[in-house]
Amino acid sequence: MAHRNAEGAVGYVSAQFPEDTLSHVCYSSGTTGTPKVVEYTHRSTLLHTWACALPDAMGLTGADRVMPLMQNFHASAWGAPFVCPMVGAELILVPPTRDPAQWFQWIEEHQVTVLGAVSAHWLALARYMQATGQRFSTLHRTVVGGTRLPFEVAYFIQERLGVEVCHAWGMTETSPLATIERFDGSATDLGHGQPVFGIELAVRGDDAECVAEGTGELMVRGHWVATGAEQDDWLATGDFATLQADARLDVSDRLSDSLLVGGAPLSSALVEHRARQVPGVADAALVICEPGSGHSVLAWVAAPDAEPDTVVAELQAVLAQAFKGWCPTRCTVVDAFPYTASAKVQKHLLKAQIAPQNESDVAPTLPSRADA
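FYI, this note's numbering numbers position 190 of the sequence shown as 179, with every residue one higher than the one before it.
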C-alpha cells in the first residue's frame, strides 16, 4: 500500500494480514443450475495476476488500453482490474449491453487496443463489422473465452479485421485463466492452447484415473484454482476434452452436452454455430436430454422476426446437410432466450420447459412460436 513518510516522500509497505486472507468472491455463471460461490484469497489473486501478465498469456503492457466486455462479477472480468494496474495499462469499464454497434463505438471512442470478450460477443460484433464495413483504428488484440470460437469467425477477425485472436479457457473456479492459444490461421480448428505457468491439466477416463494425455473429463489444479473434492486437489470441470502430449487442450463440450452420432462425437457448440447461420436465426441452443447419445436432442432457436415454419424447415435442411443426415429430435422457435449476466444461454431453464424435476423447479414459460 502507498503511504507518505514524515518527509512527505511516497513509499510502499506490505499489507499487514496473512496472504491467504479472503480477497473477494464471484459466483459461477449458472448456465446448468444454481450459481456456486467461489472464494479468492490475496495470494491466489496475486499469483493469477502475475500469470496473466506473462508475454505468452495476455501480454499486456503500459501502452495498452484494455476494455473487458465482461462485468467484474464475471470471474473478476477475467482479472483485468488486477493485471491492468500491475502493468500500467489503462482499464476501460463499460456497462452491460448486447448491442455490437455500442461496443464498436466504445472501442473507437476510447482507442481500445485489447478487447476481452466471450464468443457470443464476437459472433455479434463480426456480423456487425461485416454488414457495415466498419474497421477498427486501434484494436490489435482480443482475448476470447466462453464457448469455442468458430474457425471462420476467428479467421475473419484476424485476417480481415487485423485483430490478433487469443483463445483462452478457464472457469470461475480457475480465477479464471488456465490456458491460452494464439490463432495462427494454419489449422482448420481453434483449440484452447496450453496451460499458463502454475496450472496443471489432466483428463479422467472411465477408469477414474487422471492421466496427462488422452480424452475424458478435464481435471485442473494450480495455485489459483479452487480446491477440488477429488484426490490430490484435482478440480473436476465437467468438460469433455482431449489433452495432447504437449499439454495442448481441446475442450469439445460440457459432459452434459455431449453428443454421439454414428459412433462419433459431435460438438453441440458446432451444431449451434451452424444453426446460427440460418437466415433469421439470432441465436441457437441445443438441449441434450440423453447425454452421450444422438437421441432426444432438442434445438431451440431465437428468431424474433422470422416465420417459424420457414425457420424450422431451413434449420433441418442445413443441419442434415452439415451432419450427414442427422437432425435434432425437435426444433422450437422462440422470440428470445434467457441469458445469464455473462451472456450465456441458461440451458437449464430451457430443459425445465420439457421435464421439470419437481414443482419448485418449473421455470417461467418462454414465448414459444413454433414447435416441430
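Quick reminder that beta carbons are idealized off the backbone N, C-alpha and C, glycines included.
- Would you identify the three-state DSSP class for proline 293, choosing helix, strand or coil? coil
Taking the straight line between their C-alpha atoms, what separation do you get for alanine 143 and glutamine 5? 46 Å
Report task. Could you check what DSSP says for serine 247 in three-state terms: helix, strand or coil? Result -> Three-state result, serine 247: coil.
Task: Residues bridged to histidine 31 (per DSSP) - done: Its beta-bridge partners do not exist; DSSP assigns none.
Residues bridged to alanine 106 (per DSSP) | Answer by DSSP bridge pairing, in chain order: Val133.
Quiz item: Can you give the Cα-Cα distance for histidine 212 and histidine 31, rounded to whole angstroms?
Solution: In a straight line, the C-alpha of histidine 212 is about 12 Å away from that of histidine 31.
**Asked** alanine 361 to valine 323, Cα distance in whole Å?
**Response** Below a pLDDT of 50, predicted positions are generally treated as unreliable, and alanine 361, at 45, falls in that range; no measurement from the model is reported.
ask   = Sorry if obvious, but does the Cβ on tryptophan 95 come closer than 8 Å to a heavy atom of the ligand NAD?
value = Here there are no bound small molecules, and the ligand NAD is not part of this structure.
Q.
DSSP three-state label for methionine 118, please.
A. Methionine 118: helix per DSSP, three-state reduction.
For alanine 115, tell me which candidate among Thr102, Glu261, Asp88 has the shortest Cα-Cα distance. Asp88
Thinking C-alpha only, which one of Ala113, Met160, Ala253, Arg263 is nearest valine 26?
Met160
Exercise. By Cβ distance below 6 Å, which residues in the same chain neighbour serine 257 in space, the five residues on each side in sequence not counted?
Worked result: Asp242, Asp246, Leu248, Leu275
Tell me whether glutamate 202 sits in a helix, a strand or coil according to DSSP, three-state version.
-> coil
* Asked: Would a C-beta distance cut-off of 9 Å place valine 290 and cysteine 316 closer than the cut-off?
  -> no
Contact set for alanine 352: own chain, Cβ-Cβ below 6 Å, skip 5 residues either direction:
Confidence is the limiting factor: at alanine 352 the pLDDT is only 35, short of 50, which leaves the residue's position unreliable, though a coordinate-based value still follows. Leu338, Ala341, listed in sequence order.
Neighbourhood of glutamate 279 by C-beta distance below 6 Å, restricted to the same chain and skipping five residues each side: Ser285
*When you compare only the Cα positions, how much space is there between lysine 313 and histidine 37?*
44 Å
Practice task
Would you kindly check if the distance between the Cβ of valine 101 and the Cβ of threonine 127 is under 9 Å?
Solution key: yes
Query raised in the report: Among Tyr16, Gly19, Ser33, which one has its Cα closest to the Cα of threonine 10?
Result: If we check each option's Cα against that of threonine 10, Ser33 comes out closest.
Should leucine 82 go down as buried or exposed, given a rule of 16 or more other Cβ atoms within 10 Å for buried? With fewer than 16 Cβ atoms within 10 Å of its Cβ, leucine 82 is classed as exposed.
Distance between beta carbons of methionine 59 and glycine 122, contact taken as under 8 Å: Actually they do not touch by this definition, with Cβ atoms about 27 Å apart.
Original post:
From this set, Pro74, Val209, Cys199, Gly269, which residue's C-alpha is nearest alanine 302's C-alpha?
Top reply: Gly269
Compute the beta-carbon to beta-carbon distance between valine 185 and leucine 166, rounded to the nearest angstrom, for a pair I have assumed lies under 8 Å.
-> 6 Å
Notebook entry, point to check: Which residues does DSSP pair with tryptophan 158 in a beta bridge?
Noted result: Thr168
Q. Which word fits glycine 194, buried or exposed, when buried means at least 16 other C-beta atoms lie within 10 angstroms of its C-beta?
A. exposed
Taking all protein chains shown into account, do 16 or more other C-beta atoms lie within 10 angstroms of the C-beta of glutamate 28, making it buried, or fewer, making it exposed? exposed
Mapping DSSP to helix, strand and coil, what is aspartate 239? It is a strand residue.
List the DSSP bridge partners of glutamine 310.
None; glutamine 310 has no bridge partner.
message: Short of 8 Å in beta carbon distance, which residues of its chain neighbour tryptophan 158, apart from the five on each side in sequence? Order them along the chain.
response: Gly134, Ala167, Thr168, Ile169, His181, Gly182, Leu238, Val240
Just verifying my parser: in three-state terms, what is the DSSP assignment at methionine 56?
Looking at methionine 56 - three-state DSSP - the assignment turns out to be strand.
#### Entry: Proximal residues to asparagine 61 (C-beta, below 8 Å), its chain only, five neighbours per side dropped
Pro70, Leu82
Could you say which of Arg265, Arg263, Gly252, Cys41 lies nearest to cysteine 73 if we only look at CA atoms? Cys41
- Task: State the Cα-Cα distance for the pair alanine 234 and alanine 201, rounded to the nearest angstrom.
- Result: 7 Å
Q.
Judging by CA-CA distance, which residue of Phe229, Val14, Arg210 is the nearest neighbour of aspartate 221?
A. Arg210
Query raised in the report: Between the beta-carbon of threonine 226 and the beta-carbon of glutamate 141, is there less than 9 Å?
Result: no
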